[in-house]
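> The opening position of the sequence shown corresponds to residue 5 in my numbering, with each subsequent residue numbered one higher.
Each residue gets a CB set at the ideal place from its N, CA and C atoms; glycine is no exception.
It should be emphasised that the depicted structure is a prediction, and the values quoted were computed from it without experimental measurement.
First the structure, which I've put down as structure tokens, then a few questions once you've had a look.
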Amino acid sequence: MGTDRYAYLSRLRRVDPVAKVWVSLAVLLLCLFSESIAVGLVTLAVMCLLNMVLGGQRPGTVLHFIKVPLAFLVIGCLTIILRPLAEGEPALWSGLLFGRFRWGVTQAYLHMGLMVFCKAMGAISAMYFLALNTPMTDLILALERLHVPKLLVELMELIYRFIFVLMDTAGRIRVAQESRLGYGSFRKSLECMGDLVSLVFLRAWRKGDRVYTALESRGYDGSLTTLAAAYTGGGRLYAWGTAVAALQAATLLLERRLLM
Numbered sequence: 005m006g007t008d009r010y011a012y013l014s015r016l017r018r019v020d021p022v023a024k025v026w027v028s029l030a031v032l033l034l035c036l037f038s039e040s041i042a043v044g045l046v047t048l049a050v051m052c053l054l055n056m057v058l059g060g061q062r063p064g065t066v067l068h069f070i071k072v073p074l075a076f077l078v079i080g081c082l083t084i085i086l087r088p089l090a091e092g093e094p095a096l097w098s099g100l101l102f103g104r105f106r107w108g109v110t111q112a113y114l115h116m117g118l119m120v121f122c123k124a125m126g127a128i129s130a131m132y133f134l135a136l137n138t139p140m141t142d143l144i145l146a147l148e149r150l151h152v153p154k155l156l157v158e159l160m161e162l163i164y165r166f167i168f169v170l171m172d173t174a175g176r177i178r179v180a181q182e183s184r185l186g187y188g189s190f191r192k193s194l195e196c197m198g199d200l201v202s203l204v205f206l207r208a209w210r211k212g213d214r215v216y217t218a219l220e221s222r223g224y225d226g227s228l229t230t231l232a233a234a235y236t237g238g239g240r241l242y243a244w245g246t247a248v249a250a251l252q253a254a255t256l257l258l259e260r261r262l263l264m
């Protein structure tokens, strides 16, 4: 399951997940509120490095996950940078669209687009530090300890459980369709995909009803009780988080001093 597979193999797997939540959240918020291109780039580089040094993730793994949001961010930031211009408005580059509309890039919007891109990549790297080193089950237990509303935590747990149910059901239906020569043409593929989606929905509904019945037969009273695992202290991780936050603050101060 994507990041979960790497989280179970991480060197930080047995570290207190609450420490990982606080460190990731603190780094993310500092990156978002800094309004700085340099802080975003520093956050991206440092959190990727911590994933490899502390978590033991391979560089290729980290780069693979960093590439996932790139297409969305590039398209989103291009719509900020490239915009319609008024007549006589100064621009770094401009051109006519359909021979009538003037579009171009101004210095202010170029800076804004780059800032959004760098801040987003820095925030994503902070979240990947949490995702690549904390299995979902540990994260759910950490949220309970942080007094997140119990209903929300239990919904997360049930939804996470049913992701696997949906994947298994869809995989079995797909194999059955292919064994009957499904997906042989474009039209046949559309028909098979429609059947697959409808069958997955119906079977997941029935499975959910059976799971709820099984929970009630075992004394379910509206809340799920789970045992917490044994974790090592997160003091070392807090120290690393403090160092990263100090580096972010130093980068912001240095950038503002250079731009003054």
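1. If you drop the 5 nearest sequence neighbours on each side, which residues of the same chain put their C-beta closer than 8 Å to that of L251?
2. So, for L136: in the same chain, excluding its five sequence neighbours on each side, which residues have a beta-carbon less than 8 Å away from its beta-carbon?
3. Straight-line CA distance for A127 to S40?
4. Give a yes or no on whether the C-beta atoms belonging to V43 and T255 are separated by under 7 Å.
5. When DSSP builds the beta bridges, which residues end up paired with R106?
6. Within a Cβ cutoff of 6 Å, which residues of the same chain sit near C196, ignoring the five residues on either side of it in sequence?
7. Using the Cα positions of V19 and V27, report the straight-line distance between them to the nearest angstrom.
8. Please classify T236: does DSSP put it in a helix, a strand, or coil?
9. Where does R222 sit, in a helix, a strand or coil, going by DSSP?
10. Give me, in chain order, the residues of the same chain whose beta-carbon lies closer than 6 Å to that of R132; leave out the 5 immediate sequence neighbours on both sides.
11. Between the alpha carbons of C35 and K123, how many angstroms are there, rounded?
12. Just tell me which of V25, L74, A95 has its CA closest to the CA of A130.
13. What beta strand (DSSP E) runs, 3 residues minimum, are completely inside the region 100 to 187?
14. Hey, quick one: how far does the beta strand (DSSP E) through R87 stretch, first residue to last?
15. Got a sec? Which residues, its chain only, sit under 7 Å from L159 by beta carbon, not counting five neighbours each side?
16. Run through the DSSP bridge pairs and tell me what V19 is partnered with.
17. Tell me the rounded alpha-carbon separation between F205 and V169.
18. Counting C-beta neighbours from all protein chains within 10 Å, is the total for A253 16 or more, i.e. buried, or is it exposed?
19. Quick check: the Cα distance between W244 and L53, rounded to an integer number of angstroms?
Taking the definition as stated:
1. V46, V50
2. T7, Y10, A11, S14, N55, G59, Q61, T65, V66, F69
3. 12 Å
4. yes
5. L100
6. Q181, G186, Y187
7. 12 Å
8. strand
9. coil
10. For the record, residue 132 in the displayed sequence is Tyr; it is not Arg. Once the five neighbours on either side are set aside, the close Cβ partners of Y132 are F69.
11. 6 Å
12. V25
13. 105 to 109
14. 86 to 88
15. none
16. T236
17. 11 Å
18. exposed
19. 12 Å
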